[in-house]
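Structure first, commentary second.
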Amino acid sequence: MNALRTLLALLLAFGLSLGPTSVAFAQAPAQQTSAAGNDDDSAGDDDDSAGDDDDSAGDDDDSAGDDDDSAGDDDSAGDDDDSAGDDQTEADSGTAVKSEEWFSPSPGYLTLLLLILATGGLMLYFTKQAQQGKEMFIRRMPGIDAIEDGIGRATEMGKPVLYVPGIDDLQDIQTIASMLILGQVSKTIAEYQAELIVSCCVPIVREVADEVVRAGFYQAGYPDAFRPEEIRFIASDQFAFCAGTNGIMLREQPATNIYLGRFFAESLILAETGYLNRSIQIAGTAEATQLPFFVAACDYTLIGEELFAVSAYLSRDPRLVSSLKASDYIKVVVVASLLIGTVLTSCGFDFFINLFELTK
Amino acid sequence: MLDLLIRFQNMDRRWVFLGMALAIVVPMLVPFSMPFKVDKRVQDLYDKVEALEAGDAVYISADFDPGSRPELEPFYRAHLHHLFRQDVRIVMGTLWATAPPLVKPIFEEIASEYGKEYGKDWAFLGYIDGRELAIKSIGQSVRKTFPLDDRKNKTSELEVMKGLDAASDFDILTSISAGFPGTQAFVLQIQGQYNLQMASACTAVSAPDYIPYYQSGQLFGLSGGMPGSAQYEKLVFADWPADKPLPRLPATAGMNVLSIGHMYIILLIFLGNLAFFLTRGSKEV
Amino acid sequence: MKRTLPLIITFVIGIIMVGEFFIPHWRYRALTGELLEWGIILSAGAFILGLINLIQVHVPTVVKRGEDWGYKVVLLGSLAVTLVVGFRDGTARLDPGMEVTFSYKWIFDFLYIPLSATMFALLAFYIASAGFRAFRARNAEATLLLLAAALVMFASVPLGEGMPIIGEYLVVFKDWILDVPNNAARRAIFIGAALGAISTGLRVILGLERSHLGGD
Numbered sequence: 001m002n003a004l005r006t007l008l009a010l011l012l013a014f015g016l017s018l019g020p021t022s023v024a025f026a027q028a029p030a031q032q033t034s035a036a037g038n039d040d041d042s043a044g045d046d047d048d049s050a051g052d053d054d055d056s057a058g059d060d061d062d063s064a065g066d067d068d069d070s071a072g073d074d075d076s077a078g079d080d081d082d083s084a085g086d087d088q089t090e091a092d093s094g095t096a097v098k099s100e101e102w103f104s105p106s107p108g109y110l111t112l113l114l115l116i117l118a119t120g121g122l123m124l125y126f127t128k129q130a131q132q133g134k135e136m137f138i139r140r141m142p143g144i145d146a147i148e149d150g151i152g153r154a155t156e157m158g159k160p161v162l163y164v165p166g167i168d169d170l171q172d173i174q175t176i177a178s179m180l181i182l183g184q185v186s187k188t189i190a191e192y193q194a195e196l197i198v199s200c201c202v203p204i205v206r207e208v209a210d211e212v213v214r215a216g217f218y219q220a221g222y223p224d225a226f227r228p229e230e231i232r233f234i235a236s237d238q239f240a241f242c243a244g245t246n247g248i249m250l251r252e253q254p255a256t257n258i259y260l261g262r263f264f265a266e267s268l269i270l271a272e273t274g275y276l277n278r279s280i281q282i283a284g285t286a287e288a289t290q291l292p293f294f295v296a297a298c299d300y301t302l303i304g305e306e307l308f309a310v311s312a313y314l315s316r317d318p319r320l321v322s323s324l325k326a327s328d329y330i331k332v333v334v335v336a337s338l339l340i341g342t343v344l345t346s347c348g349f350d351f352f353i354n355l356f357e358l359t360k
Numbered sequence: 361m362l363d364l365l366i367r368f369q370n371m372d373r374r375w376v377f378l379g380m381a382l383a384i385v386v387p388m389l390v391p392f393s394m395p396f397k398v399d400k401r402v403q404d405l406y407d408k409v410e411a412l413e414a415g416d417a418v419y420i421s422a423d424f425d426p427g428s429r430p431e432l433e434p435f436y437r438a439h440l441h442h443l444f445r446q447d448v449r450i451v452m453g454t455l456w457a458t459a460p461p462l463v464k465p466i467f468e469e470i471a472s473e474y475g476k477e478y479g480k481d482w483a484f485l486g487y488i489d490g491r492e493l494a495i496k497s498i499g500q501s502v503r504k505t506f507p508l509d510d511r512k513n514k515t516s517e518l519e520v521m522k523g524l525d526a527a528s529d530f531d532i533l534t535s536i537s538a539g540f541p542g543t544q545a546f547v548l549q550i551q552g553q554y555n556l557q558m559a560s561a562c563t564a565v566s567a568p569d570y571i572p573y574y575q576s577g578q579l580f581g582l583s584g585g586m587p588g589s590a591q592y593e594k595l596v597f598a599d600w601p602a603d604k605p606l607p608r609l610p611a612t613a614g615m616n617v618l619s620i621g622h623m624y625i626i627l628l629i630f631l632g633n634l635a636f637f638l639t640r641g642s643k644e645v
Numbered sequence: 646m647k648r649t650l651p652l653i654i655t656f657v658i659g660i661i662m663v664g665e666f667f668i669p670h671w672r673y674r675a676l677t678g679e680l681l682e683w684g685i686i687l688s689a690g691a692f693i694l695g696l697i698n699l700i701q702v703h704v705p706t707v708v709k710r711g712e713d714w715g716y717k718v719v720l721l722g723s724l725a726v727t728l729v730v731g732f733r734d735g736t737a738r739l740d741p742g743m744e745v746t747f748s749y750k751w752i753f754d755f756l757y758i759p760l761s762a763t764m765f766a767l768l769a770f771y772i773a774s775a776g777f778r779a780f781r782a783r784n785a786e787a788t789l790l791l792l793a794a795a796l797v798m799f800a801s802v803p804l805g806e807g808m809p810i811i812g813e814y815l816v817v818f819k820d821w822i823l824d825v826p827n828n829a830a831r832r833a834i835f836i837g838a839a840l841g842a843i844s845t846g847l848r849v850i851l852g853l854e855r856s857h858l859g860g861d
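Protein chains in written order, with the numbering used here: chain F, 1 to 360; chain A, 361 to 645; chain S, 646 to 861.
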């Protein structure tokens, strides 16, 4: 039954993406020629909208309402040339070819849209399943178990746990995932009655971390143990933050360092300083450029999407587990597409990879 | 001997740091030059720019900071020389707050060397915050994203912006990127959507990340780190007129330091492994 | 309402912005262009939040003479000086010659640049020590990792390229490592991370995920 359900889910997702693309194909040539001639100089907005030009916010002009339609730029619907910079199309004030199409005719857009809809659909389906009590398997990740071990170690040693949620803004997916995990980690820390220090690079992240940790302590039944001064905003600058966090490591000597989120060049500096302190270090990021440094310097590293899986693993929340399952199924679709595309293209049939073409 | 090898494996890391310092400083004090080849990725970037015609337009997003200057500033300088030599219009913006003090003086300096006029041949639009939002906005409309340039002129009234608004209006978009927001964000947000002709100069650590984009055609050229900058310098200044003094080529000079530095690390790894194997049975390790 | 309103806003704006990729109609693009501008303004506003937060966090410690209060005085003092000097210099702050006297450009050229470059330069030393410590051929995978790293490092510099006889082959092999196994692994990580990002993003947009709003 499981295999049948799997197959049905696959066919559903796959069939959705295949079906309507033939319609898109039929329409594409006509739309290409009709779009080519549109030629307005809509982009010449010469009134002022609020915008900083240098790093001083809030400039001298401040009318936010430029009612020019500078956004009428189109490329995908049949640019007859594929290079940017068709400045020959407009004499004067910018090109901004106004597209009258409500949907890009290139088949790749439809395929992408269907992929996203399929992901959403599967997520809702699995959420319902999870809410009905169906057990969903998530494989064990050693780094996750290490988090709890690390917290236990910190408790025994009487030293704090340092949590670094990356240096990117809250809108970044990795930071959101890190906040989800922080909620679970703070709950565990409260239960163990250990100390937690959160080092933040972005003020908004600091505010959200404050809320998340407070909620974690509350859920564990230790609301009074929460200390807001341990949720620290260090600096917005990457290396200033790195220096500040290193300072925390060297002064407060945390027993466990957890780096989960988006990191850049400071990753190795943080990890090496933590190594000097003999801290247990668990890292996780989807930033491929920093993974080698974490792998070299940390005890456990969560690679790529394992970071997103950790929040589901720790909480076993039906919503989180269901989205993990949905993305796993879509991954199967993607892999199948890759294989099929490779085979067909190698045999000289391009129709399949054309389904993913964004520009025609 | 065994004792020595064990001590070597467990040595204070400050000896490693000292060795690294010497490996960097000595080649700087005792310069020597070694020939190097040009990668296809850099060659493609050069060829595409070389094929531009007078009056074509290029948008440069110069997004680096003092830390990445050694790797990216040489490319930035060479690129400006290359573009001005082609009589191409250059419009530059930046997404990093720390970039304007670095890029603006160089832009002005090289523009004046070629006798280029601000507003007509080139323009610096300054810094815009917003990261991916700003990139998305640049994709739709550069004028709307930067309503005023760095000198408080209206962007739409600049002669250099004639016929240019959306990112796709430019013949080439060059992303000189030290991290985020940078090349990856441009590729993910607008390159595919607007089918931009994009090139990238990035730090060495990011180059392996962007090679897939080069292979898939999303980037037509890629310069990675100091080696990439040195190779691009080699191409751009190959036919420098004999009567003009050759500008300083920092990346080319830095390649020798890079060579010695890399060799030091490789030697360290080799000796460390040798010691590891020879002391494997020892309980003291 | 405290939690419902943000969810509604997230949903509506999220759907509109996802649609921006698919809908090229100029009216829709005008709408999303406006939203992007709002987003940029909000993003710039975060600087003010950062400034306030910095003061809120550090001033009480200075007042109470808490731990490391002296360093916090330095921090706040530097902040104030840079702000004042930046405003004083105005639009001319990056002009040539400004660095001759104490100015915004002076602070940037002679304080910020060296400090930032120093922190970044630490990486060279840390890479050496991390490489020395971590690159041990303990097993087959570690050996493969170490050989690939050494080869790519060696073949990336003139010294390696210029090796007699083998130099050319080293470069070819290095390019193969970067173009084939490296690309395969990177693409796999990209795809996995992108799918994870899609599902997390959809969770947030659809309101299934609310942890970032605080509490649950």
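Glycine is no exception: its CB is placed at the ideal position from the N, C-alpha and C atoms.
In or out: residue i buried (at least 16 other Cβ within 10 Å) or exposed?
{"i": "Pro387 of chain A", "result": "buried"}
{"i": "Asn634 of chain S", "result": "Residue 634 of chain S lies beyond the range of chain S shown here (646 to 861); nothing can be said about it."}
{"i": "Val702 of chain S", "result": "buried"}
{"i": "Cys347 of chain F", "result": "exposed"}
{"i": "Ala84 of chain F", "result": "Caution applies to Ala84 of chain F, whose pLDDT of 37 falls short of 50 and renders its modelled position unreliable; the value that the coordinates give is listed next. With 16 or more other Cβ atoms within 10 Å, it is buried."}
{"i": "Arg848 of chain S", "result": "buried"}
{"i": "Ile625 of chain A", "result": "buried"}
{"i": "Leu739 of chain S", "result": "buried"}
Would you say residue i touches the ligand PLP, meaning its beta carbon is less than 7 Å from a heavy atom?
{"i": "Gly742 of chain S", "result": "With respect to the ligand PLP, the structure offers nothing, as it holds no ligand at all."}
Which residue comes first and which comes last in the alpha helix (DSSP H) that contains residue i?
{"i": "Asn257 of chain F", "result": "It is not in any alpha helix (DSSP H) - Asn257 of chain F instead sits in the beta strand (DSSP E) that spans Thr256 to Arg262."}
{"i": "Gln238 of chain F", "result": "Gln238 to Glu252"}
{"i": "Val334 of chain F", "result": "Pro318 to Ser346"}
{"i": "Thr788 of chain S", "result": "Ala785 to Ala800"}
Determine, for residue i, whether the minimum Cβ-Cβ distance to residues of chain S falls below 8 Å.
{"i": "Ile420 of chain A", "result": "no"}
{"i": "Arg206 of chain F", "result": "yes"}
{"i": "Leu405 of chain A", "result": "no"}
{"i": "Asn633 of chain A", "result": "yes"}
{"i": "Ala494 of chain A", "result": "yes"}
{"i": "His441 of chain A", "result": "no"}
{"i": "Phe294 of chain F", "result": "no"}
Taking 8 Å as the threshold (beta carbon to beta carbon), is residue i in contact with chain A?
{"i": "Asp734 of chain S", "result": "no"}
{"i": "Phe264 of chain F", "result": "yes"}
{"i": "Ala288 of chain F", "result": "yes"}
Is the beta carbon of residue i sitting closer than 8 Å to the one on residue j?
{"i": "Ser428 of chain A", "j": "Thr563 of chain A", "result": "yes"}
{"i": "Pro228 of chain F", "j": "Ala154 of chain F", "result": "no"}
{"i": "Pro165 of chain F", "j": "Ala209 of chain F", "result": "yes"}
{"i": "Thr245 of chain F", "j": "Phe263 of chain F", "result": "no"}
{"i": "Ile204 of chain F", "j": "Ala691 of chain S", "result": "yes"}
{"i": "Ser748 of chain S", "j": "Asp734 of chain S", "result": "yes"}
How about residue i: is its C-beta nearer than 8 Å to some C-beta of chain F?
{"i": "Gly841 of chain S", "result": "yes"}
{"i": "Pro669 of chain S", "result": "yes"}
{"i": "Val702 of chain S", "result": "yes"}
{"i": "Ile660 of chain S", "result": "no"}
{"i": "Asp372 of chain A", "result": "no"}
Start and end of the beta strand (DSSP E) containing residue i?
{"i": "Met361 of chain A", "result": "Element bounds for Met361 of chain A: n/a, residue is neither H nor E."}
{"i": "Gly453 of chain A", "result": "Arg449 to Thr454"}
{"i": "Arg738 of chain S", "result": "Taken as a continuous stretch (DSSP letters only), Arg738 of chain S belongs to no beta strand (DSSP E), as it is neither H nor E."}
{"i": "Ile536 of chain A", "result": "Ile532 to Ser537"}
{"i": "Ile668 of chain S", "result": "Element bounds for Ile668 of chain S: n/a, residue is neither H nor E."}
{"i": "Gln281 of chain F", "result": "Ile280 to Thr285"}
Could you please give me the residues that DSSP links to residue i through a beta bridge?
{"i": "Ala417 of chain A", "result": "A:Arg449"}
{"i": "Arg232 of chain F", "result": "F:Ser199"}
{"i": "Tyr487 of chain A", "result": "A:Thr454"}
{"i": "Tyr478 of chain A", "result": "A:Trp482"}
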